[in-house]
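Asker: The structure follows.
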Amino acid sequence: MSKNVFLKIGIVVSWGLLLTACGSGLVIQNVDFSQPIETVMEADSQANVEDMRNGLVFNLSSVLDSEGINANDFAGTSVHMIRNHEGFYFLTAPGFQNVYVFSVGESEMKKENKIRVNGDRIANPAFNQRNPLVQLVDGSRTFNLTKDGIRN
Amino acid sequence: MYYKTLFITTFVFSLFIGLSNIQVVAQSDFQTVRSYQVEYNAILEAVQALEISDEAQAIIQRINRFETDYGDQADLINRFIHPETFQDRLNALRRLASAANRNLQTIEERGTEINTLNRRVSDLSDQLGLSNQRADSLRQALQEMTRDRNANAAMVRNLRNELQKRDEFILNLVDSLFIAYDNIDIISIGDGNQRDFTLSASPDNVIGHISSVVESNINFLDTNTRLSSVDYLQLQSNLVDFKSVWTKLGPRLADVYETSAERAPRLREVDVKIEAWEERLSQSLWRSLGAAFSSRNIGLGNFNSSSTFYQALNNYIDDAMVIAEEEGGSEETLLAYNTFADVWHNDVKLNWQSSLVDGRLLSLENIATIDRKLVNWNLAAQPTGFNWLIIVGLLGLAVLVLAVLLLSRGKSASA
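Chains as they are written, first to last, in this note's numbering: chain L, 1 to 152; chain A, 1001 to 1415.
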């Protein structure tokens, strides 16, 4: 009895999802958003950065506040950013303690995760695309990252 | 052996440590790409700034190292430099470097050729300088030669003038010495009968001219047969002078104006003509002299030369003296003497003597001998008579008176 009920419910949900999908429009699956080379941008005194190649412009003030860094002190610092295959942006900079993971929304980048790097603050960061991972290199240190954190 | 083993061990250990570090120290892809980009741009700029082919070779080697260093990262780099590729850029760099190398080699070859041409131009300039110097030397030598030539030409002109003067002098001398009878003032021939002697000596025919003069004189003798003895004597004197001058100057004139082959024949030709001239004149002269004496009833013996002429004169006088001495002086002997003495003194000595002497028919000694003989002949020819005895008596009386006077003076002095 209960099995039939769950089976019916499943069929109804499936049809519902199918109908929902048909109603929301075209979806492209299995998209690889991985950016082969990180983007390195230089922050100005207002913590604005710009990716000249991709036309990406945003302000890091909230991130700097999160790191406890003054925007004026941060001016001229290189900001490193790379996008993994899932489409999440990984962002960090010299002096940061964390790597920030952002998802893309409508005119916004939303923090999905804040990955803390143990030990000293990041001094000379660099992202390498190592699908499905993102590699963070900081001097002699390397870290394999996913949107969820550091993978050993 | 020990050191070799130690070296190999150290090398392997170092290699292991190095590889371990490479594995430990990860590199930023961004940094790798940026390094690649920096090196690529540097190589590109270096290729574009190439100036010598040796640098091009170094660039090509640098490109090879570039390929080695970044070849493993080609996929990463390809994504970054899309739509270009690592290999495309590499090929492009190599093409640029090779082209630049070829261009530089071409330029260097051209440069070498230009240097060669410049050296050639320099050499040619040096040669031109040397040629100019040589031309200057030759020009100077030419000027000197021109000056020398002008000087030589002036010298030649002077020599030619001198030779001309010498010729004129000699020819005038010849004309004055080898005189033709036509130009002599002959007593028996009036001025109207004389003709202008047109022959004159020329440098081309000096000996021929003299020969012509001789020939002309022979013709003169043949043409004028009624000359006086004086005329013949004058002609004889001329002949003697002519022959004397010819003997002295003829060979020298022939040396100057005749070729060696013509010299002897021409001299002989003149000699033969002079001999003929002498013979013709001698015949006429002796015949004329004989006629001059015979016209005064003086019968000289036959003579046809100066010696026989002199001998004839002596014989005539000697014969007359013999007659006078044997037969004693008489009116006849005195007349004979006077006749001969008149001819001798008034004709021969007065009119002929110089010509006889000049013509070498008689010498002054010959004439003096004849004069002495005439004195003796005169004494012998005087007629002997009363007057002669009176003179002897008066002379004896005078001697006697003189002796008395001398004796009387001797006594007075002793007393």
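Quick reminder that beta carbons are idealized off the backbone N, C-alpha and C, glycines included.
Owing to the predicted nature of the structure, the values given are computational and were not obtained by experimental measurement.
(1) Using alpha carbons as the reference points, say which of L:Thr-142, L:Arg-83, L:Val-27 and L:Ile-69 lies closest to Leu-56 (chain L).
(2) Identify the residues that DSSP records as bridge partners of Thr-146 (chain L): which are they?
(3) So does the stretch 1276 to 1296 of chain A actually touch the stretch 1231 to 1243 of chain A, counting three or more Cβ pairs closer than 8 Å?
(4) Hey, does Ala-1026 (chain A) have any beta-carbon neighbour from chain L nearer than 7 Å?
(5) From the beta carbon of Ile-37 (chain L), is the nearest beta carbon of chain A less than 7 Å away?
(6) Considering Met-104 (chain L), what are the terminal residues of the beta strand (DSSP E) in which it resides?
(7) Compile a chain-ordered list of the residues in the stretch 87 to 115 of chain L whose CB is closer than 8 Å to at least one CB of chain A.
(8) Applying the 10 Å Cβ sphere with the 16-neighbour rule, what's the burial state of Leu-1019 (chain A)?
(9) Name the chain A residues that come within less than 8 Å of Gln-129 (chain L), Cβ to Cβ?
(10) Between which two residues does the alpha helix (DSSP H) carrying Asp-51 (chain L) extend?
(11) Quick check on the DSSP output: the alpha helix (DSSP H) that includes Glu-1331 (chain A) runs from which residue to which?
(12) Considering only residues of the stretch 34 to 94 of chain L, which uninterrupted alpha helix (DSSP H) runs meet the minimum length of 4 residues and lie entirely inside it, listed in chain order?
(13) Examine the Cβ distances between the stretch 1093 to 1102 of chain A and the stretch 1116 to 1131 of chain A and report whether three or more of them are shorter than 8 Å.
(14) Please classify Ile-1114 (chain A) as buried or exposed, where buried requires at least 16 other C-beta atoms within 10 Å of its C-beta.
(15) With a threshold of 8 Å, are at least 3 pairs of Cβ atoms found where one atom belongs to the stretch 1313 to 1320 of chain A and the other to the stretch 1259 to 1267 of chain A?
(16) Closer than 8 Å between beta carbons: that is the criterion. Which residues of the stretch 1084 to 1112 of chain A meet it against chain L?
(17) Compute the Euclidean distance between the alpha carbons of Arg-1110 (chain A) and Ala-1046 (chain A), then round it to the nearest angstrom.
(18) Going by other Cβ atoms of all chains shown within 10 Å of its Cβ, with 16 needed for buried, is Thr-1032 (chain A) buried or exposed?
(19) Please determine, among A:Arg-1360, A:Ser-1305, A:Asp-1371 and A:Ala-1381, the residue with the shortest C-alpha to C-alpha distance to Gly-1328 (chain A).
(20) When you compare each of L:Lys-111, L:Asn-118 and L:Phe-90 to Leu-145 (chain L) by their alpha carbons, which one comes out closest?
(21) Output needed in chain order: residues of the stretch 1055 to 1088 of chain A with a Cβ under 8 Å from some Cβ in chain L.
(22) Could you check where the beta strand (DSSP E) with Lys-1349 (chain A) kicks off and where it finishes?
(23) What did DSSP end up calling Glu-132 (chain L) once you bin it into helix, strand or coil?
(24) Can you tell which of L:Asn-128, L:Arg-141, L:Asn-131 and L:Asn-70 has its C-alpha closest to the C-alpha of Asn-118 (chain L)?
(25) For the alpha helix (DSSP H) holding Asn-1152 (chain A), just list the boundary residues, first then last.
(26) With 16 other CB atoms within 10 Å as the buried threshold, where does Pro-125 (chain L) fall?
(27) According to DSSP, simplified to helix, strand and coil, what is Pro-1265 (chain A)?
(28) For a quick check, are the C-beta atoms of Val-1213 (chain A) and Gly-1359 (chain A) less than 7 Å apart?
(29) Leaving out the 5 sequence neighbours to the left and right, which residues in its chain are closer than 6 Å to Leu-1395 (chain A) when beta-carbon positions are compared?
(30) Could you list the residues in the stretch 134 to 147 of chain L with a C-beta less than 7 Å from some C-beta on chain A, going in chain order?
(31) For the putative contact between Ala-1026 (chain A) and Val-137 (chain L), defined by C-beta atoms under 8 Å, what is the C-beta separation to the nearest angstrom?
(32) Let me check understanding here. Comparing Cα to Cα, which of A:Thr-1369, A:Val-1348 and A:Asn-1338 lies closest to Pro-1383 (chain A)?
(33) Mapping the DSSP letters down to three states, classify Val-117 (chain L) as helix, strand or coil.
(34) Near Asn-128 (chain L), what residues of its chain come up, given a Cβ to Cβ distance below 6 Å and the 5 sequence neighbours on each side ignored?
(35) Ala-126 (chain L) touches chain A at which residues, Cβ-Cβ below 9 Å?
(36) Use the C-beta contact count for Ile-37 (chain L): other C-beta atoms within 10 angstroms, 16 or more gives buried, fewer gives exposed.
Answerer: Result, derived from the coordinates:
(1) Start at 1 with the first residue of the first sequence, and residue 56 (chain L) comes out as number 56. It is L:Arg-83 whose Cα lies nearest to the Cα of Leu-56 (chain L).
(2) Counting from one through the first sequence, the residue named residue 146 (chain L) turns up at place 146. L:Gly-149.
(3) The count of Cβ pairs closer than 8 Å, one atom from the stretch 1276 to 1296 of chain A and one from the stretch 1231 to 1243 of chain A, reaches three, so the stretches are in contact.
(4) Position 26 of the second sequence, counted from the start, is the residue given in the question as residue 1026 (chain A). Yes - at least one Cβ of chain L is within 7 Å of the one on Ala-1026 (chain A).
(5) Within the first sequence, numbered from 1, the residue matching residue 37 (chain L) stands at position 37. Yes, Ile-37 (chain L) counts as interfacial toward chain A.
(6) Within the first sequence, residue 104 (chain L) is the residue found at index 104, counting from 1. In the sequence as presented, Met is not what sits at residue 104 (chain L); that position holds Val. Val-104 (chain L): member of the beta strand (DSSP E) spanning 98 to 105, first to last residue.
(7) Result list empty, no residue passes.
(8) Locating residue 1019 (chain A) in the second sequence gives position 19, where the first residue counts as 1. Because the pLDDT at Leu-1019 (chain A) is just 42, under 50, the model does not fix this residue reliably, and the value given afterwards should be weighed accordingly. By the neighbour-count criterion, in which 16 or more other beta carbons inside 10 Å mark a residue as buried, Leu-1019 (chain A) falls on the exposed side.
(9) Position 129 of the first sequence holds residue 129 (chain L). Ordered by position in chain A, the residues that pass the 8 Å Cβ test against Gln-129 (chain L) are Asp-1029.
(10) Working through the first sequence from its first residue, we reach residue 51 (chain L) at position 51. DSSP places Asp-51 (chain L) in no alpha helix (DSSP H) but in the uninterrupted beta strand (DSSP E) bounded by 48 to 51.
(11) Residue mapping note: residue 1331 (chain A) aligns to position 331 of the second sequence, counting from 1. Per DSSP, Glu-1331 (chain A) belongs to the alpha helix (DSSP H) from 1331 to 1342.
(12) With a minimum length of 4 residues, the continuous alpha helix (DSSP H) runs that stay inside the stretch 34 to 94 of chain L are 61 to 67 and 71 to 74.
(13) Too few Cβ pairs lie closer than 8 Å, so no.
(14) As a working mapping, residue 1114 (chain A) is identified with position 114 in the second sequence. So Ile-1114 (chain A) counts as exposed.
(15) Using a Cβ-Cβ distance cut-off of 8 Å, the stretch 1313 to 1320 of chain A and the stretch 1259 to 1267 of chain A are not in contact, since fewer than three pairs of beta carbons, one from each stretch, lie closer than that value.
(16) The stretch 1084 to 1112 of chain A vs chain L, Cβ under 8 Å: nothing.
(17) Stepping through the second sequence from its first residue, residue 1110 (chain A) is reached at position 110. Stepping through the second sequence from its first residue, residue 1046 (chain A) is reached at position 46. Between Arg-1110 (chain A) and Ala-1046 (chain A), the C-alpha separation is close to 22 Å.
(18) For the purposes of this step, residue 1032 (chain A) is taken as residue 32 along the second sequence, with counting starting at 1. Thr-1032 (chain A) comes out buried.
(19) The count along the second sequence starts at 1 and reaches residue 1328 (chain A) at position 328. Selected option, being the one with the closest Cα: A:Ala-1381.
(20) The residue labelled residue 145 (chain L) in the question sits at position 145 within the first sequence. Measuring from the Cα of Leu-145 (chain L), the nearest candidate turns out to be L:Phe-90.
(21) From the stretch 1055 to 1088 of chain A, only Leu-1076, Arg-1079 and Phe-1080 have a Cβ closer than 8 Å to chain L.
(22) Position 349 of the second sequence holds residue 1349 (chain A). According to the DSSP assignment, Lys-1349 (chain A) belongs to no beta strand (DSSP E), since it is labelled neither H nor E.
(23) Reading the first sequence from its first residue, position 132 is the one you call residue 132 (chain L). It should be noted that the sequence gives Pro, not Glu, for residue 132 (chain L). In the three-state reduction of the DSSP assignment, Pro-132 (chain L) falls in the coil class, being assigned neither a helical nor a strand state.
(24) For this step, residue 118 (chain L) is matched to residue 118 along the first sequence. For Asn-118 (chain L), the closest of L:Asn-128, L:Arg-141, L:Asn-131 and L:Asn-70 by C-alpha to C-alpha distance is L:Arg-141.
(25) Here residue 1152 (chain A) refers to the residue found at position 152 when the second sequence is read from its first residue. Counting along the chain, the alpha helix (DSSP H) containing Asn-1152 (chain A) begins and ends at 1086 to 1177.
(26) If you number the first sequence from 1, residue 125 (chain L) lands on position 125. Pro-125 (chain L) is buried by the Cβ-count criterion.
(27) The sequence position of residue 1265 (chain A) within the second sequence is 265, counting from 1. Residue state, collapsed to three classes: helix.
(28) Taking the second sequence and counting its residues from 1, the one referred to as residue 1213 (chain A) is at position 213. Taking the second sequence and counting its residues from 1, the one referred to as residue 1359 (chain A) is at position 359. No, the pair does not count as a contact, with Cβ atoms beyond the cut-off.
(29) Looking up residue 1395 (chain A) in the second sequence gives position 395. Sequence-distant partners of Leu-1395 (chain A) (beyond 5 residues in either direction) whose C-beta falls short of 6 Å from its own C-beta are missing from its chain.
(30) Cβ contacts with chain A: Gln-135, Val-137, Ser-140 and Thr-142.
(31) Along the second sequence, read from residue 1 onward, the residue named residue 1026 (chain A) stands at position 26. Along the first sequence, read from residue 1 onward, the residue named residue 137 (chain L) stands at position 137. Rounded, the Cβ-Cβ distance is 5 Å, consistent with contact.
(32) Taking the first residue of the second sequence as 1, we reach residue 1383 (chain A) at position 383. Checked all of A:Thr-1369, A:Val-1348 and A:Asn-1338; the closest Cα to Pro-1383 (chain A) is A:Asn-1338.
(33) Taking the first residue of the first sequence as 1, we reach residue 117 (chain L) at position 117. Coil, per DSSP.
(34) Stepping through the first sequence from its first residue, residue 128 (chain L) is reached at position 128. Gln-135.
(35) Walking along the first sequence from the start, residue 126 (chain L) turns up at place 126. Simply Ala-1026, Gln-1027, Ser-1028, Asp-1029, Phe-1030 and Gln-1031.
(36) Position 37 of the first sequence, counting from 1, holds the residue named residue 37 (chain L). With 16 or more Cβ atoms within 10 Å of its Cβ, Ile-37 (chain L) is classed as buried.
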